[in-house]
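Have a look at the structure below, then the notes.
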Amino acid sequence: MHPRVWAPDASRVDLVLPGTGERRVLVADADGWWTDPDGRDLPHGTDYAFALDDGPARPDPRSAWQPAGVHGPSRVLDTGRFAWTDDGWAGLDVRGRVLYELHVGTFTRQGTLDAAADALPDLVALGVDVVELMPVAPFDGPRGWGYDGVGLYAVHEPYGGPEALQRFVDAAHGLGLAVCLDVVHNHLGPSGNYTGLFGPYATDAHHTPWGSAINLDQPGSDVVRRWIVDSALRWFRDFHVDALRLDAVHELKDGSDRHLLAQLADEVADLSDRLGRPLSLVAETDLNDVVSLAPTHAGGWGMTAQWADDVHHALHALLTGERHGYYVDFGAPATLRHALTQVFVHDGGWSTFRGRRWGRPVPTGTDGHRFVVSTQTHDQVGNRATGDRPADRLPVDTLAAGAALLLLSPFTPMLFMGEEWGTRTPFQFFTSFPDPDLGAAVSAGRRGEFGGHGWTDLYGGPVDVPDPQDEATFRRSVLDRTERDEPSHARLLAWYRELVALRRTTPDLASGDLAATELTWDGPDDAAGPWQGVLVLHRGAARVVANLTDDSRRVPLPADAPLDVAATWAPCAVEPGTPPHVVVPAGATVVLTPTLGD
1 MHPRVWAPDA
11 SRVDLVLPGT
21 GERRVLVADA
31 DGWWTDPDGR
41 DLPHGTDYAF
51 ALDDGPARPD
61 PRSAWQPAGV
71 HGPSRVLDTG
81 RFAWTDDGWA
91 GLDVRGRVLY
101 ELHVGTFTRQ
111 GTLDAAADAL
121 PDLVALGVDV
131 VELMPVAPFD
141 GPRGWGYDGV
151 GLYAVHEPYG
161 GPEALQRFVD
171 AAHGLGLAVC
181 LDVVHNHLGP
191 SGNYTGLFGP
201 YATDAHHTPW
211 GSAINLDQPG
221 SDVVRRWIVD
231 SALRWFRDFH
241 VDALRLDAVH
251 ELKDGSDRHL
261 LAQLADEVAD
271 LSDRLGRPLS
281 LVAETDLNDV
291 VSLAPTHAGG
301 WGMTAQWADD
311 VHHALHALLT
321 GERHGYYVDF
331 GAPATLRHAL
341 TQVFVHDGGW
351 STFRGRRWGR
361 PVPTGTDGHR
371 FVVSTQTHDQ
381 VGNRATGDRP
391 ADRLPVDTLA
401 AGAALLLLSP
411 FTPMLFMGEE
421 WGTRTPFQFF
431 TSFPDPDLGA
441 AVSAGRRGEF
451 GGHGWTDLYG
461 GPVDVPDPQD
471 EATFRRSVLD
481 RTERDEPSHA
491 RLLAWYRELV
501 ALRRTTPDLA
511 SGDLAATELT
521 WDGPDDAAGP
531 WQGVLVLHRG
541 AARVVANLTD
551 DSRRVPLPAD
561 APLDVAATWA
571 PCAVEPGTPP
581 HVVVPAGATV
591 VLTPTLGD
C-alpha cells in the first residue's frame, strides 16, 4: 500500500510506523493530499498512523484494519491475499428474496463472524436467500450495535477483523446465500472519530440527530463524497458482498445538484456491469417517498429497494394493540389493508406522531418487491424500553398469523434473528464505551428516552430500562438456540420453513403485484387492544386466512376458483357448497392455493 492521506489544512504530516519507530515526512499536492516523496510502499501487516502538525499519531480515515481498536494505529491489509472459492457465484438481486438480519456479536455465543458462518446451514434450511449483517465497522469498546462506528473501510476486530468477513462471505456464497452489509454514512460515532483533525468531513451547515452533518455539499465535499463511495465499492469488489443496506439516508443532508445516493447508485451500477453480477442498494428512509427508488436519470436516487416501516407498524399495532409513540395512527384492519396494498399509510395525509402531513403515494404499478418489510428488526425490537420480543406478549398462534401475513405479502420480507422460532431472548440496546463519562451519558440518555411515549402504561408500571453499559445487558441479548428444541418453538420454526417454501413455489404468493393484493376482514373496524376477527389476505387466486378469535370460523371461498389447503397452523378443512367454505379453528392460520389440475 502506498500511504496517502487528505489533510488540506495541515502544515506538516508525518507517517508514523510504530513497529520500527520510524517517522517519514510527507509532502502535499495542490489538493491537500499528502504522500511519501520516495514512493515507498508499506507491505501487508504493517502498522502505521499519521501525525498532523507534530500532534499525536492518529489512524488513517481510510483504514482497512484496526487491530488495536479505534484509537490505535491502522494496519495495512492486502485484500488480494484471500483465496476465494466463489468463482461460480452469479449473485442475487435482493428484490423478492427472503432476508435475514443478524447482529454478529449476539447471533452466536462466540460472537464472531466465523461462528456466524458455522450457523449459516440453519438459514439455508429455513429458506433464507440473503443474510443481512448489522454494521461491522469498528467502534470503541468490544460490545455495541455498530451504528456508532468510526471507520468506513474496516471491520470490528472482536468480530474477527476484515479477513473474517471475507471468510464469512465466501462461506455464504458456497451455501447459495447472498450477503448484505449494513453501512452507516450519515454520521460517525462519538469516540474514536478523528476525521475532523484531517479535514472538513463534517459541516455545521446542516444538522442531524447526531450533531453536525457529514459534509456532502460544502467546500471539501468532493473528497468526502469520494471517501464514502469508494468504501461502498470496496465492499462489493474486495469483499464480494452482494448488497448494502444504507442506514437512515434521510439524514444524508445534500443540497448539491446530484445527490450522493444518485452518485453511489450510478457507480455501483457500473461496477455491477464490470463484475457481471447484480449489486443491490437498500435504503432505510422514513420519508415515505419513492424518490429513493426513482432512476437517477429521472432525478431519483436509484436505489434497488427501500425499507417500508409502515407495513411493520400496521401489522404490529393490530396484533398487539399498542398505540404509543409512532403506533398512534395504526392498528385498524383498514390501516393494515392500506399498508399491504399501497405500502405507505402516511402517503400525504396527517401523521399524528409527527404533527404534520407526511409522505407521498406510491405510483401505480410499482413493484412491491422494492419494499423491504418485517415484523421484527433491530430497531423495532431494540428500541423498545426493554428490548422485548413479540413472543413475550403474543401467543404462538398470533406469531404464526403474523409470519404468514409477512412472508406471503407482496413485498420483500426480512426476518430478525431468532424470530423464526419465536425467541424470547430480548435484543437490548448495549454499548461498552471505555470512557466513563461517555458511558454514563449514554446510560442516562437511555433512561431518559423512555420517560414518555406510553411505556409506563405498556409495561404496567415504571420501566426498568436496562443499562446499556452493563455487560449483563449484552449477555441477555445473545440468542438462546436451545429454545429451538422446545415443542412450541420447534413447531413455529417448521411453520416458517413451510411458508418460505410456499412463497418460493407458488407464483401468486411470490408476486410483487400490489394490484393483485387485497385484505378483507370479518370483525370490528378498530379495537382498544389486540384486534380480534378474521383476516383474509388475497394474493391473486391464493388466500391467507388468519382467525384471530377464540372461536372456530367458517370463511367463504370463491366458487369459481377451487382452492386447496397448502399449509395450515391447525387442522382445517375445505367444505363444498355454494359457495365453498374453509373451517378455521380458533387461532389458526391457513394458506389456500389454486387446485392443481390432473
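Take 1 as the starting number for the sequence shown in full-length UniProt numbering and just add one per residue. Even for Gly, the Cβ is constructed at its ideal location relative to N, Cα and C. Predicted model only: the values in this text are computed from it and were never measured.
- By the 16-neighbour rule on beta-carbons within 10 angstroms, H103 is buried.
- In this structure, P61 is the residue among D522, P37, A115 and P61 with its C-alpha nearest to the C-alpha of Y201.
- In the three-state scheme derived from DSSP, where H, G and I count as helix and E and B as strand, Y100 is classed as strand.
- Measuring C-alpha to C-alpha distances from P142 to each of L281, D247, P468 and G402 identifies P468 as the nearest.
- Shortest Cα-Cα distance from M417 to any of W34, A90 and G105 involves G105.
- At the C-beta level, D217 and D254 come within 9 Å of one another.
- Around the beta carbon of S477, a 10 Å sphere encloses 16 or more other beta carbons of the protein chains shown; the residue is thus reported as buried.
- Taking a cut-off of 8 Å for Cβ pairs, the segment 329-347 and the segment 525-545 touch, as three or more such pairs fall below it.
- Secondary structure note for E322: it is in no beta strand (DSSP E), with a DSSP letter that is neither H nor E.
- In the structure shown, Y147 falls within a coil segment according to DSSP collapsed to helix, strand and coil.
- The three-state reading of DSSP puts L181 in strand, counting E and B together.
- When rounded, the separation of the alpha-carbon atoms in G382 and V179 is 22 Å.
- Rounded to the nearest angstrom, the gap between the Cα atoms of P413 and D38 is 53 Å.
- Here the segment 167-174 makes contact with the segment 107-118; the two share three or more CB pairs at distances below 8 Å.
- Distances from the alpha-carbon of P73 to those of T85, Y48 and A586 put Y48 closest.
- Under the 10 Å beta carbon count, R503 is surrounded by 16 or more other beta carbons and is classified as buried.
- Per DSSP, the continuous beta strand (DSSP E) segment holding P594 begins and ends at T589 to P594.
- The beta carbon of L408 sits closer than 8 Å to the beta carbons of L499, L502, R503, L509, L537, R539, A542, V544 and V591 from its chain, once the five residues preceding and following it are set aside; these are given in chain order.
- The alpha helix (DSSP H) runs of length 4 or more contained entirely in the segment 276-360 are, from start to end of the chain, 309-320 and 333-342.
- In the DSSP assignment, the residues bridged to W6 are W33.
- DSSP places F82 outside both helix and strand once states are collapsed to three, so it counts as coil.
- If you ignore the 5 residues before and after W89, its C-beta comes within less than 6 Å of the C-beta of H173, all in its own chain and listed in chain order.
- By the Cβ neighbour-count rule, W6 is buried, with 16 or more other Cβ atoms within 10 Å of its own.
- Among the bridge pairs identified by DSSP, Y48 is matched with S74.
- Judged by DSSP secondary structure, P487 falls within the alpha helix (DSSP H) whose first and last residues are P487 to T505.
- About 18 Å separates the CB atoms of L99 and V268; that is not less than 8 Å, and the two are not in contact.
- Looking at the backbone, the Cα of D464 and that of Y159 are separated by about 30 Å.
- C-alpha of A561 to C-alpha of P580: approximately 10 Å in a straight line.
- Setting aside the 5 residues that flank it on each side, A570 is surrounded in the same chain by P585 and A588, each with a C-beta closer than 6 Å to its C-beta; the list follows chain order.
- Going by DSSP, F371 is part of the beta strand (DSSP E) stretching over F371 to S374.
- Under the DSSP definition of a beta bridge, N383 lacks any partner.
- Taking P138 as reference, the option from L126, L120 and V184 with the minimal CA-CA separation is V184.
- The Cβ atoms of V534 and N547 lie closer than 9 Å to each other.
- Of the candidates P410, A573 and S432, the residue whose Cα lies closest to the Cα of A515 is P410.
- Judged by DSSP in its simplified three-state form, A561 adopts coil rather than helix or strand.
- Excluding its 5 nearest sequence neighbours in each direction, L458 has C-beta neighbours in its own chain below 7 Å: E322 and H324, listed in chain order.
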